[in-house]
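Each residue of the sequence shown is one higher than the one before, starting from 1063 at the first, in the working numbering. For every residue, glycine included, the Cβ atom is placed at its ideal position computed from N, Cα and C. The structure under discussion appears below in the form of structure tokens.
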Amino acid sequence: MAAAIPSGYRLCASTNEDHDHPIYCVAFSPAVHQNDDDGSNKSALQCFSTCAGQYIHIYEVHTADNKQEKSLMVRQVYCDVDDEEEFYTCAFGGRGITEGKANNATINQSKAIYIGGNKGKQSKGTKRQRVNDDHCSTIHNLSLRQGPPLLCVAGKRGMIKVIDTVLQSLVMALLGHGDSVNDLKFNPTNKDLLLSGSKDHSIRLWNLQHGQMIAIFAGHDAHRGEVLSLSWHYSGEKFASSAFDNTIKLWNVSDNSIAEQSEKEGSIQAAICRSFEMDHGDKFTTAIEQTPYFSTDSIHELPGCVGTINAAYCVQFVGDLILSKSVQNVVVLWKPVVTNEDFATFNTIYPNYINENRKNNDRIKSKVIFLRDFTVDNCDNWFIRFGSPSPYNEILALGNHEGEVKVWELMGNEDDDEDQDYFGDNDGILCKLKTGGSTVRMVAIAGKCLVAVCDDSSVWMFEAIE
């Protein structure tokens, strides 16, 4: 069940990380732990991670039962051994070691651990050690592990590093991309399936249990530019991608995703099944998919929106709809037209937005229906990413290069007047938030928490107002 939409947000904590790098990504852990260290004040424990330069920070968000304001605490800091590494993306998924098997090493029991860090600096009370490939665990099969989610990070070097935050060590590195990795996304229905998008123009699907590369999405009909953003459909059966080639593409990973499929598309699902059945040391043939089932390079050709798509730095599924953001000061909500039923349904509900050229007989479908846009000033920078929490996607938040965050109610109320457009005639703005004035690179929302990360190495946490 979806949570109630907040009336707004208020600032409850902020901090500056001890480096001089822009923070490109923030990601919440799907796990919520219970903190009862003293046995008297039990509270929910949310965790999130940020990545900037060669550093990864893990934070705890405490919410006490007495409804005091949330507090923010740094619990672990990792530093890559490569001084030239620059992390662009992080994500939680898979499973690490069972919590009960680690003495005082679970994230809600240990003191803050600093692994690596600024040369010549030592933070009081922190443990300094560098973790490189020599420290990597010899664990190759994670299928029997039932602990907290693993943390995956990637960036400039193109290597995906998998960290167990209980063991506080690198458990594996996923190799295959030929250039930097810009985005990582875990499948919502199978947390062992990880997507990665790269500057090498490819998207790769991994099985985290064995570290196996299952499939590569690249080739003739695939992206011809740097892949910037990925988003899974809530079903886990398809995903969206955007790239510097000014296109947004939709891909199948399941036989049952779309009625019209080529015979070879089933090979992705078969490869996924094989990857979970294999034993360590077995040979595996990676599947190749060159053709998406949908691709568009213009989502603004219909009434109500003008311009071209440009390079979409952020894309996200909202149910069967798509949100996308480029260097323009706007986030666009639109519908990919993949069946004749799409035309019939939307012609009834939104006749003003239907293109008269409704028949699409192209080999790869490309027509779209514009639904609405969300405008924000001073947001024409590259690589600014919005937040809209799945699976209900009831709100949308986006920052700009003035340090402001704008929050919208994404959809209208189904109980509103029947004559009122479901997507709303007004801006649907819930609130406007202010950080320290630096560019807000990314906003993430989980539960009642909204976190914004900025170019000046600052982290800002806001709490929902009921």
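| Where do the N-terminal and C-terminal ends of the beta strand (DSSP E) with N1078 fall, by residue? | Here the beta strand (DSSP E) through N1078 covers G1070 to N1078.
| query | Can you list, in chain order, the residues of its chain whose CB lies under 6 angstroms from that of V1515, leaving out five sequence neighbours each side? | reply | If we look at V1515 and ignore the five residues flanking it on each side, its Cβ neighbours are I1085, V1088, T1112, R1503, M1504 and V1521.
| task | Return the residue from the list G1490, R1286 and G1115 that minimises the CA-CA distance to V1218. | result | One point to set straight first is that residue 1218 is Lys, not Val, in the sequence displayed. Taking K1218 as reference, the option from G1490, R1286 and G1115 with the minimal CA-CA separation is G1115.
| task | Identify, in the order they occur along the chain, each residue of the same chain with its Cβ nearer than 6 angstroms to the Cβ of Q1274, setting aside the five sequence neighbours on each side. | result | Here the set comprises S1337 and F1346.
| said: Between N1443, A1373, H1272 and H1263, which has its C-alpha nearest D1254's C-alpha? | reply: It is H1272 whose Cα lies nearest to the Cα of D1254.
| field | Other residues of its chain near D1518: CB distance less than 7 angstroms, five sequence neighbours each side excluded | value | G1498 and S1500, listed in sequence order.
| query | If E1122 and M1135 are in contact, beta carbons under 8 angstroms, what's the gap, nearest whole angstrom? | reply | About 5 angstroms separates the CB atoms of E1122 and M1135; that is less than 8 angstroms, so the two are in contact.
| message | So for I1334, helix, strand or coil by DSSP? | response | In the structure shown, I1334 falls within a helical segment according to DSSP collapsed to helix, strand and coil.
| query | Start and end of the beta strand (DSSP E) containing V1399? | reply | Where V1399 is concerned, there is no enclosing beta strand (DSSP E), given that its DSSP letter is neither H nor E.
| Roughly how many whole angstroms lie between the Cα atoms of L1312 and I1067? | Looking at the backbone, the Cα of L1312 and that of I1067 are separated by about 29 angstroms.
| Rounded C-alpha distance that separates W1396 from V1430 | Spanning the two alpha carbons is a distance of roughly 7 angstroms.
| query | When you compare only the Cα positions, how much space is there between A1526 and L1472? | reply | Each residue's Cα considered, the two are about 16 angstroms apart.
| field | Short Cβ contact (9 angstroms threshold) for D1439 with N1391 | value | Yes; because the gap between Cβ atoms is below 9 angstroms, this pair is in contact.
| How about A1153 and K1247: do their beta carbons lie closer than 9 angstroms? | Annotated as proximal: A1153 and K1247, with beta-carbon spacing under 9 angstroms.
| query | Which value, in whole angstroms, describes the spacing of the CA atoms of D1389 and L1460? | reply | This sequence places Val at residue 1389; Asp is not what is there. Rounded to the nearest whole angstrom, the C-alpha separation of V1389 and L1460 is 13 angstroms.
| query | Mind checking whether S1258 and L1236 have CB atoms under 9 angstroms apart? | reply | It is a contact, given that the beta carbons lie within the stated cut-off.
| said: On a Cα-Cα basis, can you pick out the residue from H1083, H1119, F1090 and S1133 that is closest to S1076? | reply: It is S1133.
| said: I need the straight-line Cα distance from N1170 to F1090, nearest angstrom please. | reply: At N1170 the pLDDT is 32, less than 50, meaning the model places this residue with poor confidence and gives no usable figure here.
| task | With a threshold of 16 other CB atoms inside 10 Å of the CB of C1511, please say whether the residue is buried or exposed. | result | With 16 or more Cβ atoms within 10 Å of its Cβ, C1511 is classed as buried.
| query | Per DSSP, what kind of secondary structure is T1309 in: helix, strand or coil? | reply | The answer is coil: DSSP assigns T1309 none of H, G, I, E or B.
| Going by Cα to Cα distance, which pick from G1449, L1433 and P1453 is closest to V1467? | Considering only alpha carbons, the answer is G1449.
| message | Going by DSSP, what residue range makes up the beta strand (DSSP E) through M1523? | response | That run of the beta strand (DSSP E) goes S1520 to I1527.
| Tell me the DSSP bridge mates of S1304? | S1304 is bridged to S1291 and I1310.
| said: Excluding the 5 residues flanking K1186 on each side, which residues of the same chain have their C-beta closer than 6 angstroms to its C-beta? | reply: Because the pLDDT at K1186 is just 36, under 50, the model does not fix this residue reliably, and the value given afterwards should be weighed accordingly. Closer than 6 angstroms at the Cβ level, and outside the excluded window around K1186, lies no residue.
| request: List the endpoints of the continuous beta strand (DSSP E) containing T1358. | output: T1358 -> beta strand (DSSP E) spans F1356 to T1358.
| field | E1339 in three-state terms, based on DSSP | value | DSSP places E1339 in helix when its eight states are reduced to three.
| Straight-line gap, S1329 to Q1230 (C-alpha atoms, nearest Å) | Rounded to the nearest angstrom, the two C-alpha atoms are 37 angstroms apart.
| said: Quick check on the DSSP output: the beta strand (DSSP E) that includes I1067 runs from which residue to which? | reply: No beta strand (DSSP E) contains I1067, which DSSP labels as neither H nor E.
| query | What do you get for S1069, buried or exposed, if any count of 16 or more other CB atoms within 10 angstroms of its CB means buried? | reply | A residue is called buried once 16 or more other Cβ atoms fall within 10 Å of its Cβ, and S1069, having fewer, is exposed.
| task | Determine the burial state of P1453: buried for a count of at least 16 other Cβ atoms within 10 Å of its Cβ, exposed for fewer. | result | Exposed: under 16 other Cβ atoms inside 10 Å.
| field | Other residues of its chain near Y1071: CB distance less than 7 angstroms, five sequence neighbours each side excluded | value | Around Y1071: V1469, C1493, L1495, L1512, F1524, E1525, A1526 and I1527.
| query | To the nearest whole angstrom, what separates the beta carbons of L1232 and V1224, a pair I think is in contact under 8 angstroms? | reply | Contact flag correct, Cβ pair sits at about 7 angstroms.
| query | D1226 bridges to which residues according to DSSP? | reply | Per DSSP, S1231.
| request: Tell me whether T1347 sits in a helix, a strand or coil according to DSSP, three-state version. | output: Correct three-state label for T1347: coil.
| Buried versus exposed, by CB contacts within 10 Å (16 or more), W1268 | It is buried - the Cβ of W1268 has at least 16 other Cβ atoms within 10 Å.
| field | Between the CA atoms of N1308 and D1359 - distance to the nearest angstrom | value | Roughly 6 angstroms between the two C-alpha positions.
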